[in-house]
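Note that the UniProt record's numbering gives residue 71 to position 71 of the sequence shown, counting from 1, and the numbers run on in steps of one.
Where is the CB? At the ideal position from N, CA and C, for every residue including glycine.
None of these values were measured; they are calculated from a predicted model.
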Amino acid sequence: MATSSSSLQGSAPGVLGKRKQTPGDLIIYSLEDLKGSDFRKFRNKLSDFSYGDKRPIPRGRLENADWITTKDIMIDAYGEEGALDVTIHVFTLIDLMGPANYLQERRAQN
């Protein structure tokens, strides 16, 4: 059925909109939206970023990481809420205010 396949497009946000999104969900959606060069800038700045008493994530762990792996590494290092804080701070540091503001708004809604 052609209509069922086209009706699936964009269904994930609707489905996710019916439940509370986790910090990990918010992080992965924001990382997926980055262009390649912005994602490289994000990983580069993340490897230089200290959060609280935590050391920066080593550059080698992030070098070839995709969006999901990067999110998982951040959550392992900082916990879910901490990883969301770090994502917002790093977006701000690399002048990606749109994604930073989006995450802050979504966090407030959840």
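- In the DSSP annotation of this structure, the continuous segment of the alpha helix (DSSP H) that includes Thr-70 starts and ends at 67 to 93.
- Tyr-102 has no beta-bridge partner at all, per DSSP.
- Its Cα nearest to that of Gly-24, the residue Asp-76 stands out among Glu-63, Ser-47, Asn-44, Asp-76.
- Inclusion of Ile-88 and Ile-73 in the CB contact set at 8 Å is not warranted, their separation being larger than that value.
- The Cβ-Cβ distance between Leu-96 and Asp-38 falls below 8 Å.
- Under the DSSP definition of a beta bridge, Lys-54 partners with Tyr-51.
- No Cβ-Cβ contact shorter than 8 Å links Thr-69 with Leu-31.
- In the same chain as Pro-99, and ignoring 5 residues on each side of it, the C-beta atoms closer than 6 Å to its own belong to Ser-30, Phe-91, in chain order.
- Within 10 angstroms of the beta-carbon of Arg-43 lie 16 or more other beta-carbons, which makes it buried.
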